[in-house]
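Visitor: So that we are looking at the same thing, I have put the structure below in structure tokens.
8 protein chains.
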Amino acid sequence: MNLTIYLAGEIHSNWREEVKVLSNNLSLPVTFVGPMEDHDRSDNIGEEILGTMPNPIFKDSAASDMNNFRTKVLLNKADIVIALFGEKYKQWNTAMDASTAIALDKPLIIIRPEKLHHPLKELSNKANVTVETIEQAVHVLSYVFE
Amino acid sequence: MNLTIYLAGEIHSNWREEVKVLSNNLSLPVTFVGPMEDHDRSDNIGEEILGTMPNPIFKDSAASDMNNFRTKVLLNKADIVIALFGEKYKQWNTAMDASTAIALDKPLIIIRPEKLHHPLKELSNKANVTVETIEQAVHVLSYVFE
Amino acid sequence: MNLTIYLAGEIHSNWREEVKVLSNNLSLPVTFVGPMEDHDRSDNIGEEILGTMPNPIFKDSAASDMNNFRTKVLLNKADIVIALFGEKYKQWNTAMDASTAIALDKPLIIIRPEKLHHPLKELSNKANVTVETIEQAVHVLSYVFE
Amino acid sequence: MNLTIYLAGEIHSNWREEVKVLSNNLSLPVTFVGPMEDHDRSDNIGEEILGTMPNPIFKDSAASDMNNFRTKVLLNKADIVIALFGEKYKQWNTAMDASTAIALDKPLIIIRPEKLHHPLKELSNKANVTVETIEQAVHVLSYVFE
Amino acid sequence: MNLTIYLAGEIHSNWREEVKVLSNNLSLPVTFVGPMEDHDRSDNIGEEILGTMPNPIFKDSAASDMNNFRTKVLLNKADIVIALFGEKYKQWNTAMDASTAIALDKPLIIIRPEKLHHPLKELSNKANVTVETIEQAVHVLSYVFE
Amino acid sequence: MNLTIYLAGEIHSNWREEVKVLSNNLSLPVTFVGPMEDHDRSDNIGEEILGTMPNPIFKDSAASDMNNFRTKVLLNKADIVIALFGEKYKQWNTAMDASTAIALDKPLIIIRPEKLHHPLKELSNKANVTVETIEQAVHVLSYVFE
Amino acid sequence: MNLTIYLAGEIHSNWREEVKVLSNNLSLPVTFVGPMEDHDRSDNIGEEILGTMPNPIFKDSAASDMNNFRTKVLLNKADIVIALFGEKYKQWNTAMDASTAIALDKPLIIIRPEKLHHPLKELSNKANVTVETIEQAVHVLSYVFE
Amino acid sequence: MNLTIYLAGEIHSNWREEVKVLSNNLSLPVTFVGPMEDHDRSDNIGEEILGTMPNPIFKDSAASDMNNFRTKVLLNKADIVIALFGEKYKQWNTAMDASTAIALDKPLIIIRPEKLHHPLKELSNKANVTVETIEQAVHVLSYVFE
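Chains as they are written, first to last, in this note's numbering: chain Z, 1050 to 1195; chain E, 1050 to 1195; chain W, 1050 to 1195; chain A, 1050 to 1195; chain L, 1050 to 1195; chain F, 1050 to 1195; chain R, 1050 to 1195; chain C, 1050 to 1195.
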């Protein structure tokens, strides 16, 4: 049984690498999918495909068409979703992806530092598991296969 | 036809009053529901009902049980959801309520100042309508009834 | 038992009036809802609420936000959908509303002149009933209540 | 991960070939499915299987039984739907297939020339992405795999 | 709490009258809906609305458009379905209505004489309750309100 | 807004009375529904309607047809479910009703004494709220309306 | 793409063999599943597993537990359902399987002799395709793959 | 066709071994999944991953996050669910898993000793099959493949 896992979260750091390395070390039978991690490419993809937009709002809207399309395709295929929150960035798209996972009845792990417990309390409460580190998240994953 | 509208968003200001007043002025046949607006009550409701919790995280978890319960009851009854975003506060619970509305196929209006267009781009893209002011949101509502 | 009926179709003629008059004559216990019938208002509603858009495509997109929002609210409340097709206009939005009704398991009546049977064949095939005149459509409605 | 893509649209030209060639050039891990592309066969399939029908309307109805059956089988298996609109033909069946994709929560790309933006505005608004050329559509597809 | 009950079954006898009388005697807060009970009208409704059909099969198909439309409208509104089977008639439409109720998660009572237990065994097994007489069916209904 | 609440739990004591009295004192706009509370009637209802069964297992099966039918009718109408667990009785039917509520996305409050926290841990974890007394449960309900 | 097809219908003749042979001749990439075809085994399976039942009704009920279990497992895996009706037997279970397919949005082909058009009219009307012979049904299947 | 089967039930004995051995003997094409069977590990997994909890109730809650996460992942992948009940232990989580299976329309076999027929009557009634021994359960499984 191989499971597909969608990694939702900011695309400014390469936290996904840590998830993959740790999962690989444990030989977990999982495949990871996620958003476009090149931040500039992600922001520009609308204009890259459709041409220059009249202003930043339309530029963002076009990019979101593409990015939401990609997310929907990959999230639809996911068996599990992991959503990471950090102290930087608004991360409303991360909250959206996590909430969508819950609504689609896909098991969800939230990773967040302890100091963010208060603003994340409602989302945490609806998620299946909330942990503080990537290590703990992978620990939860491996527990599924034991 | 009377429609029930869930007002999702921060509970630090009384922005909901403005929505209600404007809707009332237009005699829109709507009923508004929303979260507990007394911020301290909302944060303390877990301990108010279940007693003191060991630490702030458990306190938040207990409160979220109650608040998410209330939200689910009222959101389930809503025909429309309006979610307001502002520059203060993390508002991850607002993003969660808005995303849940989308997943439940409930029509959603997002209200956000223009300067927040970038971090809200993905959520805006999936919402039905995005406007900048409460006035515009009520304008959209009244358009439904004309 | 009062039923809500969504009338999908072009907003250039006042065909909905005929449906309402005929239903009224038979005292059918029904309530009719539908799109904004003032065609210019419908096309301009995006700019009316959000301000001037950079070009016609963005103008249309903004208007569609509002119009699709209205349709979703009202279609969600409908027990029955009637979709009228005529020889003028592309009517792709009508086809979309009719198809959405089918997907949502809402009983659908299609009204179309005989000469349109060929391009409408697939949609007709999935709809519950296809008739040629408004009179026949109302006849079908009244049959439900006998 | 191999994805199945349903190509909805007119069967008078061989536009699907272009989609397949461009996707192949990029070695995208996709499988394409679609309707019967032999237009006469598609129109006659009802009579081919069930025998001569009394008139063109019944002939069309029988053919639509078969064609809608085929579409439902293949669309059910699709992970993505691409719907192409052109200036010729009514294309109400294309609008129906596109709308069904949206209702089934399957990611949808609409390809349409700019001059059709107005009659397609509502459907475009509900689709995930709207582009003008097949090349742009394939560009969106490849973005999913990067 | 008033409940709507769909009475599925043959339209050759007036068995529904007995259900209504017995329920009335117990003052059960229920509303009954069902198919067109005038058998000839039911068979002819297609031609009545659309005109003469080329042969009996097309006549039946047109009538079924109307009758299935009516059933879907009323069954969608039902809280409970009662399906009666007797020794006469094929009753495949009754089996279809009963099965649809099960699939839509609507509580179902089957009424059938003991001697039909064998051909109805699979459907009985999936229904919530199987009884032999209308009296027993009404007894089950009244049990809900005690 | 009046809400319907299903009270799931043992039918050996009259704990539901306490819920109703406390809710009444607070004038909560709620309607309570639940199972047959006469325990012997509940156990005998199968034989009462269908006649004597060959052995206790068939007697139970017949009774469960009726009781599950009643539960499904009333649970389908519920906006909220409250499930009470106590130290006596197996209460597997209570666990079933509670789990069904969760699966149907109906907000659920579990009431259980603290000493039952261990065997109820998984169900508690999936429920929205877990409290220890009826008073606390009603406190949660009233919080929804403030 | 290999498709799974559930063959619903009487188990007194070996009509399924003809479907398999014809499909094989055309090398259709399909897998067929269906009910237990040994009629006595099918009727006795309840007693075979659980022991002798008190009377024929309980015997049938136990057998139906097993047979409906098998049908649900296999029908859940099916991409297409073919239901065959003949002049012998009540075939209410066949009507049930066909109706379940429709409710689960699985494409359905009904095979029935012309003389059964009247009692099957409602079910035929909701099915995707109705043909008269196995050959025609296989013809429809092969059309999907062309 | 290989089917995945979730084995729900107590984790104090190794009853699952018997299911696997018997299924293996019959070479059934099935894969078994289930909960963590090391009882202490299951109870401690919350603290193992997240650290010591303030008291036993929070310890149980954390463990249930992990265990319910694991169950949801594996139950989502299951084609069939078997739930075993015995005379020891409260088994409310087993009742929950069984009920979830029913709600998700996954075929369910309940194994329970005859003497537990009364407290399990409602759950048994909603399950597809109820047997008394593991042998009988495997017998039902093998019947699917014959």
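Ideal Cβ placement from N, Cα and C applies to all residues, glycine included.
1. Please list the segments of the beta strand (DSSP E) lying wholly inside the stretch 1071 to 1124 of chain R, counting only runs of 3 or more residues, in order along the chain.
2. With a Cβ-Cβ cutoff of 7 Å, do ASN1177/C and ASN1117/F count as a contact?
3. DSSP three-state call for THR1149/Z: helix, strand or coil?
4. Residues of the stretch 1139 to 1159 of chain A with a CB closer than 9 Å to any CB of chain W: list them in chain order, please.
5. If you measure between the beta carbons of ILE1160/W and VAL1180/W, is that distance less than 7 Å?
6. Is HIS1166/L close to chain F? Criterion is C-beta to C-beta, closer than 7 Å.
7. Looking only at C-alpha atoms, which of PRO1156/L, LYS1121/L, THR1143/L, GLN1185/L sits nearest to LYS1155/W?
8. Name the chain F residues that come within less than 9 Å of PRO1103/R, Cβ to Cβ?
9. Just mark THR1143/F as buried or exposed, buried being the case when its beta carbon has 16 or more other beta carbons within 10 Å.
10. In chain order, what residues of the same chain lie with their CB nearer than 8 Å to the CB of ASN1051/A, ignoring the 5 residues before and after it?
11. Assign THR1101/R to one of two classes, buried (16 or more other C-beta atoms within 10 Å of its C-beta) or exposed (fewer than that).
12. Within a Cβ cutoff of 6 Å, which residues of the same chain sit near LEU1075/A, ignoring the five residues on either side of it in sequence?
13. GLY1058/R bridges to which residues according to DSSP?
14. I'd like the span of the beta strand (DSSP E) that includes LEU1172/C, first residue to last.
15. Can you tell me whether THR1053/R is helix, strand or coil according to DSSP?
16. Chain G beta carbons: is any one of them nearer than 7 Å to that of SER1062/C?
17. Tell me whether THR1182/Z sits in a helix, a strand or coil according to DSSP, three-state version.
18. Do you know how far the Cα of ASP1146/C is from the Cα of MET1145/F?
19. Going by the beta-carbon positions, is the gap between LEU1133/L and GLY1058/L smaller than 7 Å?
20. Between SER1148/F and SER1110/C, is the Cβ-Cβ spacing less than 7 Å?
21. Hey, how far is the Cα of VAL1187/L from the Cα of ILE1131/L?
22. What residues of chain L sit near ASN1177/W, judged by a beta carbon separation below 7 Å?
23. Taking C-beta pairs closer than 7 Å, name the residues in chain R that GLU1171/L reaches, listed in chain order.
24. Have a look at GLY1083/R and SER1072/A and give me their C-alpha separation to the nearest angstrom.
25. Give the C-beta separation of MET1085/E and ILE1094/E to the nearest angstrom, bearing in mind that I take them to be a contact with Cβ-Cβ under 8 Å.
26. Tell whether a beta-carbon distance below 7 Å holds between VAL1068/Z and ILE1183/Z.
27. Below 6 Å CB to CB, which residues in the same chain sit around LYS1126/F once its five sequence neighbours on both sides are set aside?
28. Nearest to LEU1123/E by CA position, among ILE1129/F, ASN1063/F, ASP1092/F, is which residue?
29. Going by other Cβ atoms of all chains shown within 10 Å of its Cβ, with 16 needed for buried, is HIS1166/W buried or exposed?
30. So which residues of chain R does SER1228/L contact, with C-beta pairs closer than 8 Å?
31. State the start and end residues of the unbroken beta strand (DSSP E) segment that holds LEU1165/E.
32. Residues of the stretch 1074 to 1089 of chain A in Cβ contact with chain R at a cutoff of 8 Å, in chain order, please.
33. Near ASP1087/R, which residues of its chain fall below 7 Å by C-beta distance, leaving aside the five closest residues on each side in sequence?
34. Counting only Cβ pairs nearer than 7 Å, list the residues of chain L close to ASN1174/R.
35. Give the C-beta separation of LEU1172/C and TRP1141/F to the nearest angstrom, bearing in mind that I take them to be a contact with Cβ-Cβ under 8 Å.
Guide: Reading off the structure:
1. Look at the stretch 1071 to 1124 of chain R and you find these whole runs of beta strand (DSSP E), each 3 residues long or longer: 1079 to 1082.
2. Here ASN1177/C is not near ASN1117/F, since their CB atoms are 7 Å or more apart.
3. Three-state DSSP puts THR1149/Z in a helix.
4. Taking 9 Å as the Cβ-Cβ cut-off against chain W, the residues of the stretch 1139 to 1159 of chain A that qualify are LYS1139, GLN1140, TRP1141, ASN1142, THR1143, ALA1144, MET1145, ASP1146, ALA1147, SER1148, THR1149, ILE1151, ALA1152, LEU1153.
5. Closer than 7 Å, so yes.
6. Interface residue (Cβ-Cβ distance to chain F less than 7 Å): HIS1166/L is not classified as such.
7. Checking every option, the nearest Cα to that of LYS1155/W belongs to LYS1121/L.
8. Using a Cβ-Cβ cut-off of 9 Å, PRO1103/R is close to MET1102, PRO1103, ASN1104, PHE1107 of chain F, given in chain order.
9. Flag for THR1143/F reads buried.
10. Contacts found: PRO1078, VAL1079, THR1080.
11. So THR1101/R counts as exposed.
12. Here LEU1075/A has SER1191 as same chain residues with Cβ atoms under 6 Å from its own Cβ, once five neighbours each way along the sequence are excluded.
13. Answer is LEU1133/R, bridged to GLY1058/R.
14. First-last for LEU1172/C: 1170 to 1175, but that is the alpha helix (DSSP H), not the beta strand (DSSP E).
15. DSSP places THR1053/R in strand when its eight states are reduced to three.
16. Any reference to chain G falls outside this structure, whose protein chains are Z, E, W, A, L, F, R and C.
17. The three-state secondary structure of THR1182/Z, taken from DSSP, is coil.
18. Distance from the CA atom of MET1145/F to the CA atom of ASP1146/C, rounded to whole angstroms, is 9 Å.
19. Contact: yes.
20. If you check the CB distance, SER1148/F and SER1110/C do not come in under 7 Å.
21. Straight-line Cα distance between these residues: approximately 10 Å.
22. Within chain L, the residues near ASN1177/W are ASP1114, ASN1117, PHE1118, LYS1121.
23. Within chain R, the residues near GLU1171/L are SER1113, ASN1116, ASN1117, ASN1142, MET1145.
24. Each residue's Cα considered, the two are about 39 Å apart.
25. Rounded to the nearest angstrom, the Cβ distance from MET1085/E to ILE1094/E is 7 Å, consistent with a contact under 8 Å.
26. Yes, the Cβ-Cβ distance between VAL1068/Z and ILE1183/Z is below 7 Å.
27. Sequence-distant partners of LYS1126/F (beyond 5 residues in either direction) whose C-beta falls short of 6 Å from its own C-beta, in its chain, are THR1053.
28. Of the residues ILE1129/F, ASN1063/F, ASP1092/F, the one whose Cα lies closest to the Cα of LEU1123/E is ILE1129/F.
29. Result: buried.
30. Because residue 1228/L is not part of the residues shown, which for chain L are 1050 to 1195, the question remains open.
31. Per DSSP, LEU1165/E belongs to no beta strand (DSSP E) and is neither H nor E.
32. For the stretch 1074 to 1089 of chain A, the beta-carbon criterion of a distance under 8 Å to any beta-carbon of chain R is satisfied by THR1080, VAL1082, MET1085.
33. Taken in chain order, the list of residues that qualify is empty.
34. For ASN1174/R, the residues of chain L that pass the 7 Å Cβ criterion are SER1110, SER1113, ASP1114, ASN1117, in the order they occur in the chain.
35. Indeed, because the Cβ distance is near 5 Å, the residues count as touching under 8 Å.
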